[in-house]
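Visitor: Numbering (my numbering), first residue to last: 1044 to 1376. Just dropping this structure here.
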């Protein structure tokens, strides 16, 4: 027996709202699929063509996502209508995908007044085009350090998605679902949006007030309030590290007690854990920006390039200069 899907009666007599999905090179499949499937299901449940879409890209032929799958494109960079909604789909190596042709097209269409969204890392592309200056935005947490360094005029948040006027950004992955459910609810009501979520087996709808990363206790697998508080302070102070003594003082512990706490739950000293956080930020900046190695070192709390290089090599088994060189080689392929 075939069970028909639930239906939601929606008053709609106008033309479908068109979404233009722009697949940038090496885009992430999940952010694209989550968005377009939400639209398909909304049409199916309502029994009406509420939404339409077209898939375009720079080549006008095929686009390849980060897992190697290819998608047939319907067109290249076409001229849009004012009421279109653009969905820029980004992924890995977003700097390479954000070329002059892409930027020129985005700026041209933005001047028409179209709503423009950046999924996953495509917030970088929007910011590079100047579309996010003076606005709130978000981007995948792994790209936040480099984004902050490059785009000082953008108010970056850690939300799963942000809507600021006709500019929308998401953190990637399943955040596309949350964003689309918000759009569907605004267009046709909460009942339809909730029905779409049910079809997606999506039981925890997030809003723009929800942050994208797991809580610190969940990430480290330990529920200890003082340990979580110290790690939070570390993450918030990577450029100017706080001494273990001051960290211990902030949570009413002795330095020795703090050492024991880290050894027990994380099998490393507070100093080592803090160093790993700073080096991770440094690696993100090396891989995602054109900042000099000296500036990367300073941004991550290292007093000298030589100390930074020594610590980096000890942890990653390569130097910052070689890391930067290997990234440049990958981008040129």
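For every residue, glycine included, the Cβ atom is placed at its ideal position computed from N, Cα and C.
Alpha carbon to alpha carbon, what distance is there between residue 1240 and residue 1176?
Guide: If you number the chain shown from 1, residue 1176 lands on position 133. If you number the chain shown from 1, residue 1240 lands on position 197. Using only the alpha carbons, I get a separation of about 33 Å.
Visitor: Taking DSSP as the reference, what is the three-state secondary structure of residue 1162?
Guide: Here residue 1162 refers to the residue found at position 119 of the chain shown. Here residue 1162 sits in strand by DSSP.
Visitor: Going by alpha carbons, who is nearest to residue 1111 out of 1134, 1127 and 1120?
Guide: Residue mapping note: residue 1111 aligns to position 68 of the chain shown, counting from 1. Of the candidates 1134, 1127 and 1120, the one whose C-alpha sits nearest the C-alpha of residue 1111 is 1134.
Visitor: My understanding is that residue 1131 touches residue 1165, with C-beta atoms under 8 Å, so please give their C-beta distance in whole angstroms.
Guide: Residue 1131 sits at position 88 when you count from the first residue of the chain shown. Residue 1165 sits at position 122 when you count from the first residue of the chain shown. That pair is a contact at about 4 Å.
Visitor: Taking 7 Å as the limit between beta carbons, can you name the residues of its chain near residue 1278, skipping five residues before and five after?
Guide: What you label residue 1278 is simply residue 235 of the chain shown in a count that begins at 1. If we look at residue 1278 and ignore the five residues flanking it on each side, its Cβ neighbours are 1320.
Visitor: Kindly give me the distance between the Cβ atoms of residue 1366 and residue 1326, rounded to whole angstroms, as I take these residues to be in contact under 8 Å.
Guide: Along the chain shown, read from residue 1 onward, the residue named residue 1366 stands at position 323. Along the chain shown, read from residue 1 onward, the residue named residue 1326 stands at position 283. Indeed they touch by this definition, with Cβ atoms about 7 Å apart.
Visitor: My guess is that residue 1332 and residue 1109 are in contact by the Cβ rule of under 8 Å, so how many angstroms apart are they, rounded?
Guide: In the chain shown, counting from the first residue as 1, residue 1332 sits at position 289. In the chain shown, counting from the first residue as 1, residue 1109 sits at position 66. Contact flag wrong, Cβ pair sits at about 20 Å.
Visitor: On the three-pair Cβ rule with 8 Å, is the stretch 1148-1155 touching the stretch 1191-1199?
Guide: Contact between the stretch 1148-1155 and the stretch 1191-1199 is absent, because fewer than three Cβ pairs lie under 8 Å.
Visitor: Around the Cβ of residue 1231, are there at least 16 other Cβ atoms within 10 angstroms (buried) or fewer (exposed)?
Guide: Taking the chain shown and counting its residues from 1, one reaches residue 1231 at position 188. The residue in question, residue 1231, is buried, as its Cβ has 16 or more Cβ neighbours within 10 Å.
Visitor: Go ahead and pull the three-state DSSP assignment for residue 1211.
Guide: Walking along the chain shown from the start, residue 1211 turns up at place 168. Note: residue 1211 maps to strand in three-state DSSP.
Visitor: First and last residue of the alpha helix (DSSP H) that includes residue 1298?
Guide: Residue 1298 sits at position 255 when you count from the first residue of the chain shown. Unbroken alpha helix (DSSP H) run through residue 1298: 1298-1309.
Visitor: May I ask you to report which of helix, strand or coil DSSP gives residue 1066?
Guide: As a first step, residue 1066 is located in the chain shown; it is residue number 23 there, counting from the start. Here residue 1066 sits in strand by DSSP.
Visitor: DSSP state of residue 1253, grouped into three classes?
Guide: For this step, residue 1253 is matched to residue 210 along the chain shown. Of the three classes helix, strand and coil, the one that applies to residue 1253 here is coil, per DSSP.
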